[in-house]
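Number of protein chains: 4
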Amino acid sequence: MWKCAKFYALRGFYFFDRNPELFNIILDFYRNNEVHIPSGTCGSLVEKELEFWKIPFEGIAECCRSRFLNFENELETIKKIKHAFDMHNTTELGVVEAKQSWFNWIWLFLEEPLTSTPAKVYNIIYILVVVLSAIMAFLFTCEEMREQYIDIDTLINVTTAAGFNVYTDRNNPKDVLHATTILPICRYTLDRCFLVFFTLEYFIRLIVCPSKIEFLKNWLNIMDLILNVSMWTRFCLELNMTLVMNSYTAAWIFGMSYCMISLRLIRIFRIYKQYLELRVLLLSLKTSFKELLLSLVTFIVISALFANFIYYAEFQEPSTFPSSFSGLLWSVVTMTTVGYGDVYPKSTPGKIVGCICAICGLLILAMPIAIIATNFSNYYQKMKDISKFKKKVNSSPKQNRISGNAVGNKAFNNC
Amino acid sequence: MWKCAKFYALRGFYFFDRNPELFNIILDFYRNNEVHIPSGTCGSLVEKELEFWKIPFEGIAECCRSRFLNFENELETIKKIKHAFDMHNTTELGVVEAKQSWFNWIWLFLEEPLTSTPAKVYNIIYILVVVLSAIMAFLFTCEEMREQYIDIDTLINVTTAAGFNVYTDRNNPKDVLHATTILPICRYTLDRCFLVFFTLEYFIRLIVCPSKIEFLKNWLNIMDLILNVSMWTRFCLELNMTLVMNSYTAAWIFGMSYCMISLRLIRIFRIYKQYLELRVLLLSLKTSFKELLLSLVTFIVISALFANFIYYAEFQEPSTFPSSFSGLLWSVVTMTTVGYGDVYPKSTPGKIVGCICAICGLLILAMPIAIIATNFSNYYQKMKDISKFKKKVNSSPKQNRISGNAVGNKAFNNC
Amino acid sequence: MWKCAKFYALRGFYFFDRNPELFNIILDFYRNNEVHIPSGTCGSLVEKELEFWKIPFEGIAECCRSRFLNFENELETIKKIKHAFDMHNTTELGVVEAKQSWFNWIWLFLEEPLTSTPAKVYNIIYILVVVLSAIMAFLFTCEEMREQYIDIDTLINVTTAAGFNVYTDRNNPKDVLHATTILPICRYTLDRCFLVFFTLEYFIRLIVCPSKIEFLKNWLNIMDLILNVSMWTRFCLELNMTLVMNSYTAAWIFGMSYCMISLRLIRIFRIYKQYLELRVLLLSLKTSFKELLLSLVTFIVISALFANFIYYAEFQEPSTFPSSFSGLLWSVVTMTTVGYGDVYPKSTPGKIVGCICAICGLLILAMPIAIIATNFSNYYQKMKDISKFKKKVNSSPKQNRISGNAVGNKAFNNC
Amino acid sequence: MWKCAKFYALRGFYFFDRNPELFNIILDFYRNNEVHIPSGTCGSLVEKELEFWKIPFEGIAECCRSRFLNFENELETIKKIKHAFDMHNTTELGVVEAKQSWFNWIWLFLEEPLTSTPAKVYNIIYILVVVLSAIMAFLFTCEEMREQYIDIDTLINVTTAAGFNVYTDRNNPKDVLHATTILPICRYTLDRCFLVFFTLEYFIRLIVCPSKIEFLKNWLNIMDLILNVSMWTRFCLELNMTLVMNSYTAAWIFGMSYCMISLRLIRIFRIYKQYLELRVLLLSLKTSFKELLLSLVTFIVISALFANFIYYAEFQEPSTFPSSFSGLLWSVVTMTTVGYGDVYPKSTPGKIVGCICAICGLLILAMPIAIIATNFSNYYQKMKDISKFKKKVNSSPKQNRISGNAVGNKAFNNC
């Protein structure tokens, strides 16, 4: 330690080339045996100082430890945000290696809307196609958009006569609708076009992506894969309806493949690539994941508790809560303050349980919401600061941009 | 740089006339090659120091960058608030040019209630008239406030006999009410007076306003224009009911002109001109606009997703969710925790989707609400600080009010 | 200014007996013509410094003005809290003047539970009596708690025969209940006791209170007065039921006097006198009153707007929203996310308006709630700090308790 | 005081070995008779300084008192968190005394999942058993999971013939279900196993616990005891059904013992021992307990007030709110914005009361929720800081780990 200090023999004192204000803190440590950090001082400076004077971290007083860690939390947040926004940079690194290749250009064009104007335009077109295909998925289920080709009685007679195993449920209007109507030909064709477009786009991206493993691990791509597989399954089964009508398994697969259409909407999250604000939203959800999960567990346990309570509280009431399970939806709906009103307590003990349940729900949900909201505000502010700082740096006069070291050396050389 | 420093040859040192505490920061930069800013120090001072010592902004350590930008965020907020409250000042500039003209006086009288007491009184009267006209618009639709002049059977016979195209829907009590009753004469006259008053007021403001383009771009004035046009359209069509009864287009326009009456209420927002608190409320909504829009997109995408999920989850249930569209209102109503209970899941998979939907809604809505609430608190506090500071300055003794420079010079001259 | 400085002629410098760190700020003002305040420095010190150096407040840079005012906001908050908790102190001042008098002792006994243990005990008894009387008011309305003395047919026959003007509505079970049943004699007597107790208590407090005007202006006492008057009115009218049955005015007054029983519950707020936490709750509501009122206006205007929109959006739907007024409850219920489900939009345009309404409501309500929550947290923390500080001062060794000045003088004299 | 200072006779000044920056504050006290604390400075340093200079705490200016107490609040929070997480440490102390004994090992194994890997595994198994037993409790109430052994008519005939006192209510399907069906034998056996397991586990823990009193006072153990007793009661009564059918008391106890099954779920809170995040959640609920209770009182008083108001407001409406009590659930359901819609105001005055009630509820609930959310964020951040600091200390090089004093001495000795 003392080697760092210059000893000015004549004048009779050691000279430590350290920040005098921080030395105050160090001196206080020797006075009180505790390091107290002024809240203004950046923790990283203190850390360097402690290391220089070989003071262990335990020397920091308990009341100042959070303060000391502040800068690390800040750096961590910044790192997380930069990581979330840095897809470009990592791919730009790839650019250096394979700038000449077409693959990389296509990859950036398809995946990174912020890298070039055509990519941005393509992304908007892509999103419009997704919105259109999602609207199509909605229209599939509307009676007005479908054309009847057979009436229900004929259908049932035919299927019965043919000895098929899977029948249409005459009492379920939704089932009847799907069985007796078909899409008009134009919409059918459009849906096939989407099928081809999405499959092609997926395979092109798979081919040109820099890292196949990263690509296949990304949950958006997994969704894409599931969606494509389900669309092709549906396509194949539609060519072979007899199979669907004979085998329950095939019918179930056919139903599931219809259900998967919903996933089309998830593609719209591609819009998140274009807006930093939305990336922050995702990031803050991801960061709070563990806390959310644990809050969810608490929420479920407590709602299960109330489900059970309400069952026994309403036991004397014949018309409500036939089993504990029916109390489960009620307690979730009450605790989230949705309150549909399809089931509600009718007896006095049940009403009391209901009131307690509603208040408990508000209090328990306040906590995860507080975490989410705090994290989001925090990340959002930091994100804005980072981009503002970048702008400020870019707008400052260029001749000034000599690295700190250079400035330092020049300055000292001038002395 | 060194030119700024005075060299005291005899004593052998350079004298930089800079803040010694900030110099500590600069020295640290030469020690560690990083600028760490104590949180207490105002960023603008640091900025000046960095410029003086020609240290680029990149030299600021990552953990201290937000801290450094703090002062800019603050200045930005203050600028926004001042801009939102500064209508006077910009128009006062107009005052200088045309103080003699009547136009400006009328403009201030009509538009800026805070400039004079008569203007304030006029504004209150104006708001009362608006409230009265809005109440009138409500009363239009009440059965008790209207007088029957014909019964529905006669009306249908007459219109059928006359060969009109547009018939009254006998099963819709609201349609019947509007067709068979008229307003009593006194209320009818009052409504005409409002029509004249609002039109006159609009044209006077248009004539006297300092900048026609600004005036026509203001959304409140656009609303006023739409409202006036629709009121006159209605007036003209009422004089010529035969046209309305023969042409579907005319009937539709007539209906729309009725609907536009709702816009009367928007005029009440003139009250915002009188209360700074309400201007802050508007300002914080405007500032958070982009974030709100993106949150809204997320919200819509996720509610569309759940609308689709619930449709397939409830497919086996005949009585609920006839199409995906009907699931859309349900998912919005669930995610905002309104929960009317007109539609709700009945099957077990549907109930599970419902529970997840309610919890997702709470979490997603927590984020835009956090932004709005934070912005509002922030702006509100600043607004109060600005007006408090103004009061403080005004209440301090007048003789002290010499500009800083003068004080400085005098002080140094005295030395 | 220079008179304050001592001129050390020999050494050749002026000596200003001022804080050296703050002098840095002052010097910066002469360098940059702006005062920047380090966030750590207490604003009141800066104020003194500015006054000493005769620098006007305008010299404070815009980015540091909020920071400068911080200490004033803090002092204001503390003053408000102390004022809210200081009833004692003001009455203690009264104690000095009239310590011998019984009046003051009774006043403190009745009104200030925190001044002595018997007062605390009395307050708890008082609250129990109030709770009992409130429960009685609830029981009044229960069928099981009343005794029938006449059946409804006889009653109507009798009243018709007697030629009374006010009849019981046979179709309204609540009206029938009140007309055909009476309270059992024990409960009736108990209610009379409460009447006497509350009236006596009110007059005793009125007689012994230090300031009659303050007493009569207090809203809790106004409520008490209304309650007592209504209780006596009811008592008088019950002795003379024939009058009630003949005059509509008397019947209406009788009804109102029943309704006023609800106010009994307000007396429970006396519990607020015993818990500082609850006083803070009231205080923060009172402080945010103006903001709440303006938010309420915004809320009402926007819900009226949506009430009108929904009426026209649902015009084609025969069964919903017969008039704009019926839309008003719907829009309030939707915007607060209560969502009873008694009325809800059924047509597609109505559903869209409904969704927008729900989201608008959440956003608009987020703002007043943010104010309330922030104010409450703030006041609550301060309240806890104040009482903690008091404890700390009281627990510190007594011999140290010499006033600052004395210490200062002693210290300097020792020099 | 002056004894602490060294008097350097020759040079003519006193030397106080104190922090020079804090001395500034002290000097200011002698100038202004008030201590102003820079926000950056840690309060504990200031406290020491004030004690050294014998300045009473009252000398601290009012605007700086909260700031001064900051460090105490921080220390308190840290202490609370450490206490909540320190079960280990207190039991580790026990380890020292009785390390050889089996008891302690078993205690740590059963109670502290974070102390060893087998304990963690056991805890997970335990939780799985609890979840299974809780699911069993749910399944008890499902019709599908039970086997009918008698039909309802036979049952009633038999019980009537046998002259039993307790009959099954034929109109209550839940009662009929429980009376006419039994559990299948396998599930019955499983339930008996749980009974044995939980009883054994309870007694083992009771035997090995270090402090019996602490153990019996813990509310989780009280719940366990209640649960075990109720399970054994049920077991005994099931062996003797004739008693249940003859005595109303026995039937009631039997019913209660069923109801207590719900408490099984509470055992899942053992999961809280494994996750620090969940302990923080509990801690923040516990810390805010007093405030929550008082908010709850306010909430109940105001909902009772609205219950009464709505009764009188809806008096003319025959179909709603038959008594004030029925208004109580309505007002709680409205104020928490649940809004089932089973009861809602129908008359105009009732609707107005309803709107006010909803808005009041939102405002009143905002305050306790703000406390909970703030406390939780605060504790959560601190908890993360504490564990981060621990990691940082552990990861710093070991040779540095000499205690502060030693370092200090060494350093000074070297001088």
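Protein sequences appear in the order of chains A, B, C and D. For the first sequence, my numbering gives the first residue as 17, with consecutive numbering after it. For the second sequence, my numbering gives the first residue as 17, with consecutive numbering after it. For the third sequence, my numbering gives the first residue as 17, with consecutive numbering after it. For the fourth sequence, my numbering gives the first residue as 17, with consecutive numbering after it. Even glycine gets a Cβ: it sits at the ideal position worked out from N, Cα and C. Computed from a predicted model, the values in this text were never measured in an experiment.
Give the interface partners of residue i over in chain C, defined as CB-CB distance under 9 Å, in chain order.
{"i": "residue 357 of chain B", "result": "355, 356, 357 and 360"}
{"i": "residue 348 of chain D", "result": "Within 9 Å Cβ-Cβ: nothing; residue 348 of chain D doesn't reach chain C, min ~12 Å."}
Mapping DSSP to helix, strand and coil, what is residue i?
{"i": "residue 412 of chain B", "result": "coil"}
{"i": "residue 29 of chain C", "result": "strand"}
{"i": "residue 217 of chain B", "result": "helix"}
{"i": "residue 198 of chain A", "result": "strand"}
{"i": "residue 397 of chain C", "result": "helix"}
{"i": "residue 333 of chain A", "result": "coil"}
{"i": "residue 419 of chain A", "result": "For residue 419 of chain A, the predicted model reports a pLDDT of 45, less than 50, meaning its position is unreliable and no value from the coordinates is stated."}
{"i": "residue 360 of chain B", "result": "coil"}
{"i": "residue 339 of chain C", "result": "coil"}
{"i": "residue 298 of chain B", "result": "helix"}
{"i": "residue 35 of chain A", "result": "coil"}
{"i": "residue 322 of chain C", "result": "helix"}
{"i": "residue 148 of chain A", "result": "helix"}
{"i": "residue 186 of chain A", "result": "coil"}
{"i": "residue 48 of chain B", "result": "helix"}
{"i": "residue 137 of chain D", "result": "helix"}
{"i": "residue 3 of chain C", "result": "Residue coverage of chain C in this structure runs from 17 to 431, which leaves residue 3 of chain C outside it and unanswerable."}
{"i": "residue 370 of chain D", "result": "helix"}
{"i": "residue 352 of chain B", "result": "coil"}
Report the neighbours of residue i on chain A: residues whose CB is nearer than 7 Å to its CB, in chain order.
{"i": "residue 56 of chain C", "result": "56"}
Going by DSSP, what residues sit across from residue i in a beta bridge?
{"i": "residue 159 of chain A", "result": "Partner(s): none; residue 159 of chain A has no beta bridge."}
{"i": "residue 164 of chain C", "result": "C/197"}
Could you list which residues in chain D have their beta carbon closer than 9 Å to that of residue i, in chain order?
{"i": "residue 369 of chain A", "result": "Within chain D, no residue comes near residue 369 of chain A; the closest Cβ sits about 11 Å away, beyond 9 Å."}
What distance in whole Å lies between the Cβ atoms of residue j and residue i, which are believed to be in contact at a cut-off of 8 Å?
{"i": "residue 383 of chain A", "j": "residue 311 of chain A", "result": "6 Å"}
{"i": "residue 59 of chain B", "j": "residue 85 of chain B", "result": "7 Å"}
{"i": "residue 249 of chain B", "j": "residue 227 of chain B", "result": "Incorrect: roughly 28 Å between the Cβ atoms, too far for contact."}
Of all Cβ atoms in chain E, is any one closer than 9 Å to the Cβ of residue i?
{"i": "residue 409 of chain B", "result": "Looking for chain E here will not work: the only protein chains present are A, B, C and D."}
What does residue i touch in chain C if you count any residue whose Cβ is under 7 Å from its own?
{"i": "residue 233 of chain B", "result": "Here the premise fails: no neighbours, minimum Cβ distance about 22 Å."}
Starting from the beta carbon of residue i, find every residue of chain D whose beta carbon is closer than 7 Å, and list them in chain order.
{"i": "residue 79 of chain A", "result": "58, 60, 87, 90 and 91"}
{"i": "residue 401 of chain C", "result": "81, 82 and 85"}
In chain A, what lies closer than 8 Å to residue i by C-beta?
{"i": "residue 187 of chain D", "result": "334"}
Whose Cβ in chain B lies nearer than 8 Å to the Cβ of residue i?
{"i": "residue 324 of chain C", "result": "153, 154, 277, 278 and 281"}
{"i": "residue 35 of chain A", "result": "40, 43, 44 and 47"}
Open item on the list: I'd like the ranges of any alpha helix (DSSP H) spanning at least 4 consecutive residues and lying wholly in the segment 50-130 of chain B.
Closed with: 59-68, 81-101, 103-113 and 118-127
Open item on the list: What ranges does the alpha helix (DSSP H) occupy inside the segment 215-289 of chain A, keeping only unbroken runs of at least 4 residues that lie completely in it?
Closed with: 228-233, 235-254, 257-262 and 264-275
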